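Numbering (this note's numbering), first residue to last: 3 to 329.
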């Protein structure tokens, strides 16, 4: 049994015991993944984990310099950067940080299947895809489906290293799918991103046996503009059989109660999270929206979009769990 698994068991044994309403979506989830989801259910509604996305030590140290604490959740990205896309560095950092006690959250800005690596962010990740190309991607045996499969299998090889190191991962693919800025975005319905999600889930769970993953569905917080408000969260949701945690990304002060209530209804008792934030929510927002189980500050938004007073107001709350805290 790993050190971190023991820590998780210690943490939620010290909480008042709640019945966990749901098992992981993957019935063969690893002991570490089961321990992590159980812990999240136990803190849900009572505590919130602090988090920082960015990889490397810089952002962790910045959090420590501002608050006197390190965050509880460390996030990084399998986006292509440098040799091997920088993915081995991400894996190495994830393993090292897990051993230090961090919860690991990973995502992937995936390039379009028709493009060759290295993928440009605007040129590929944010490029458009025609309806005909989309149909190819989701149709087995086509050229674009074969290229998509090769992409996700490559990333699976890195996730397997984390599985074999007994590192549970909060895995968040195809994020902000209800927005209009990524090639997988703005495609609601059963043959839209719902199908792409299910295809990855099937490949990773049933073929690659990545049982260390907890599947985090992270949408974008609806903004008061027509393209965002046209579709509710529901149209992009692949279903409870394929999701462990429902989240949303909020970059300004748009922590609207109606949006929280909509996600709360869709979650139907499942764990929820603020999967990316820019401007941190005010303490009164978190008091009114207690079901968020972690927040993840995006890179330098920590200091560029928040005053030190704002950051400390959240990190100093008795409900906020940072690295090493025992609640």
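Cβ coordinates follow ideal geometry from the N, Cα and C atoms, glycine included. Predicted, not measured: the structure shown is a model, and the values here were computed from it.
What runs of the beta strand (DSSP E), each 3 residues or longer, lie entirely inside the stretch 33 to 91? 53 to 55 and 75 to 79
Report the three-state DSSP secondary structure of residue 237 (helix, strand or coil). Counting from one through the chain shown, the residue named residue 237 turns up at place 235. Residue 237 falls in the helix class under three-state DSSP.
On the three-pair Cβ rule with 8 Å, is the stretch 71 to 82 touching the stretch 45 to 59? yes
Using C-beta distances below 8 Å, list every residue in its chain close to residue 266, excluding the 5 sequence neighbours before and after it, in chain order. Here the question's residue 266 lines up with position 264 in the chain shown. Within the same chain, residue 266 has close Cβ partners 274 and 293.
Around the Cβ of residue 13, are there at least 16 other Cβ atoms within 10 angstroms (buried) or fewer (exposed)? Locating residue 13 in the chain shown gives position 11, counting from the first residue. The predicted position of residue 13 is uncertain, since its pLDDT is 45 and thus under 50; a value taken from the coordinates is nonetheless stated next. Buried.
Which residues in the same chain as residue 248 place their Cβ atom closer than 7 Å to its Cβ, once the five residues preceding and following it in sequence are excluded? Mapped onto the chain shown, residue 248 falls at position 246. Contacts found: 219, 265, 268, 269, 272 and 274.
Specify the secondary structure class of residue 301 as computed by DSSP and reduced to three states. Taking the first residue of the chain shown as position 1, residue 301 is located at position 299. Coil, per DSSP.
Do you know offhand how far residue 315's Cα is from residue 285's? Position 313 of the chain shown, counting from 1, holds the residue named residue 315. Position 283 of the chain shown, counting from 1, holds the residue named residue 285. Cα to Cα, the separation comes out at about 7 Å.
Would you mind giving the Cβ-Cβ distance between residue 245 and residue 164, rounded to the nearest angstrom? I have them listed as a contact below 8 Å. Working through the chain shown from its first residue, we reach residue 245 at position 243. Working through the chain shown from its first residue, we reach residue 164 at position 162. Going by Cβ atoms, the distance from residue 245 to residue 164 rounds to 20 Å, so no, they are not a contact pair.
Distance check for residue 159 and residue 32, CA to CA, integer angstroms please. Counting from 1 along the chain shown, the entry for residue 32 is found at position 30. Counting from 1 along the chain shown, the entry for residue 159 is found at position 157. About 17 Å.
Which value, in whole angstroms, describes the spacing of the CA atoms of residue 240 and residue 209? Indexing the chain shown from 1 puts residue 240 at position 238. Indexing the chain shown from 1 puts residue 209 at position 207. Taking the straight line from one Cα to the other gives about 19 Å.
Check the C-beta distance from residue 129 over to residue 178 and give it rounded, since I have them as a contact under 8 Å. For the purposes of this step, residue 129 is taken as the residue at position 127 of the chain shown. For the purposes of this step, residue 178 is taken as the residue at position 176 of the chain shown. So it is not a contact: roughly 15 Å between Cβ atoms.
What first and last residue would you give for the alpha helix (DSSP H) that runs through residue 109? The residue you call residue 109 lines up with position 107 of the chain shown. Careful: residue 109 lies outside any alpha helix (DSSP H), inside the beta strand (DSSP E) at 105 to 109.
Let me know the secondary structure DSSP gives residue 152 once reduced to three states. Looking up residue 152 in the chain shown gives position 150. In this structure, residue 152 counts as helix in the three-state DSSP scheme.
Can you pull the DSSP bridge partners for residue 221? For this step, residue 221 is matched to residue 219 along the chain shown. In DSSP, residue 221 forms a bridge with 250.
Length at least 4, wholly inside the stretch 271 to 297: the alpha helix (DSSP H) runs in chain order: 285 to 290
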